[in-house]
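Let me begin by presenting the structure, written as structure tokens, before commenting on it.
Numbering (the numbering used here), first residue to last: 224 to 386.
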């Protein structure tokens, strides 16, 4: 990852796989996210290799806040519901995070950004799946209500015919 002229997609993907938890569809997500980052000017693509844009000195606070949020996020999505408390960081903790980020190389920062994007995509996919499950459960509940209503009508009809 410390190549002077940049890293190719395979090198970036293998770096992310080695260092971070990654989604199973990383090979599909990575090219799209790299393309988006090139379009936004955060990275530069030269001869099928990517590197951090020299003018891409986004404020340290912005980068740090996203990294802090990533570190505080539970790795298991089921744990996210267990810990809905707001995590307030102390100034000393924020300063420690800033010093960590300042020590990152351009490739490590790119990998962290790619990881953040991949995790966001995973979270979006999980949210969409949860929404589909909720819609299915709602439809099933409505069907059960209709069935119960029909059963009650049938029972009332049967009771009337018996008397």
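Glycine included, each C-beta is placed from N, C-alpha and C at the ideal position.
Whole angstroms is fine: what's the gap from residue i's alpha carbon to residue j's?
i: residue 251; j: residue 237; result: 14 Å
i: residue 368; j: residue 314; result: 54 Å
i: residue 330; j: residue 272; result: 12 Å
i: residue 294; j: residue 356; result: Unreliable placement is indicated for residue 294, whose pLDDT of 42 sits below 50; the coordinate value is still reported in the next sentence. The alpha-carbon atoms of residue 294 and residue 356 are separated by roughly 28 Å.
i: residue 358; j: residue 348; result: 15 Å
i: residue 363; j: residue 353; result: 15 Å
i: residue 317; j: residue 311; result: 10 Å
i: residue 379; j: residue 351; result: 42 Å
i: residue 371; j: residue 360; result: 16 Å
i: residue 374; j: residue 263; result: 59 Å
i: residue 376; j: residue 365; result: 17 Å
Are the beta-carbon atoms of residue i and residue j separated by less than 8 Å?
i: residue 335; j: residue 235; result: no
i: residue 338; j: residue 239; result: yes
i: residue 276; j: residue 265; result: yes
i: residue 326; j: residue 274; result: no
Residues in its own chain within less than 6 Å of residue i by CB, not counting five upstream and five downstream?
i: residue 261; result: 268
i: residue 344; result: 252
Below 7 Å CB to CB, which residues in the same chain sit around residue i once its five sequence neighbours on both sides are set aside?
i: residue 242; result: 334
Using C-beta distances below 8 Å, list every residue in its chain close to residue i, excluding the 5 sequence neighbours before and after it, in chain order.
i: residue 231; result: 271, 272, 273
Residue ranges of each beta strand (DSSP E) within the segment 229 to 280, 3 or longer
266 to 269, 272 to 275
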